[in-house]
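Engineer: For the sequence shown, the positions run 1 to 104 when full-length UniProt numbering is used.
Note that beta-carbon positions come from the ideal geometry of N, C-alpha and C, so glycine has one too.
Below: one structure in structure tokens.
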Amino acid sequence: MNPPSSITFFSRFEADILAGNKTITLRDESESYYQAGQRVSVSNLEDGRCYGELDILSVSRVAYDDLNDTHAEQENMSLAELKTLIRQIYPGIEALYLIHFKLV
Numbered sequence: 001m002n003p004p005s006s007i008t009f010f011s012r013f014e015a016d017i018l019a020g021n022k023t024i025t026l027r028d029e030s031e032s033y034y035q036a037g038q039r040v041s042v043s044n045l046e047d048g049r050c051y052g053e054l055d056i057l058s059v060s061r062v063a064y065d066d067l068n069d070t071h072a073e074q075e076n077m078s079l080a081e082l083k084t085l086i087r088q089i090y091p092g093i094e095a096l097y098l099i100h101f102k103l104v
């Protein structure tokens, strides 16, 4: 499968991404095909508005139970907030894909 050329985030994360405060995203397997070294456009999920480009630094698998304060800090939220958000988006998921990125 070809890696995707874009990635979307809820609009509430735009400011954190642009400020460099959010440097990872956790996704399910359907969005795990990004590759280290790849550059992608970034846009809001709600309206599709593109607001920049990201370089993908790494993609790795992580168990939900192994999420820790470092992951939460990279998401710019507390661990409790992160785990709650993941359960809302991906109910019952046990394995996630951690996509580490930087704003270009």
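(1) Pull up the CB-CB distance for Glu53 and Val42, whole angstroms please, since I reckon it's below 8 Å.
(2) Should Val104 be labelled buried (16 or more other beta-carbon atoms within 10 Å of its own) or exposed?
(3) Closer than 7 Å by C-beta to Arg27: which residues in its own chain qualify, once you throw out the five before and the five after it? Chain order, please.
(4) Any Cβ of chain C within less than 8 Å of the Cβ of Val40?
(5) For the alpha helix (DSSP H) that contains Ala80, what are its first and last residues?
(6) Between the Cα of Ser11 and those of Asn44, Gln38, Pro4, Val40, spot the shortest distance and give me the residue it belongs to.
(7) Taking Cβ positions, are Lys102 and Leu57 nearer each other than 8 Å?
Structural biologist: Answer, in terms of the structure:
(1) Contact between Glu53 and Val42 holds: their C-beta atoms lie close to 7 Å from each other, under 8 Å.
(2) So Val104 ends up on the exposed side.
(3) Excluding sequence neighbours, Arg27 sits near Leu96, Tyr97, Ile99.
(4) This model lacks chain C altogether; it includes just one protein chain.
(5) Unbroken alpha helix (DSSP H) run through Ala80: 79-89.
(6) Looking from the CA of Ser11, the closest CA among Asn44, Gln38, Pro4, Val40 belongs to Asn44.
(7) In contact: Lys102 and Leu57 (Cβ atoms closer than 8 Å).
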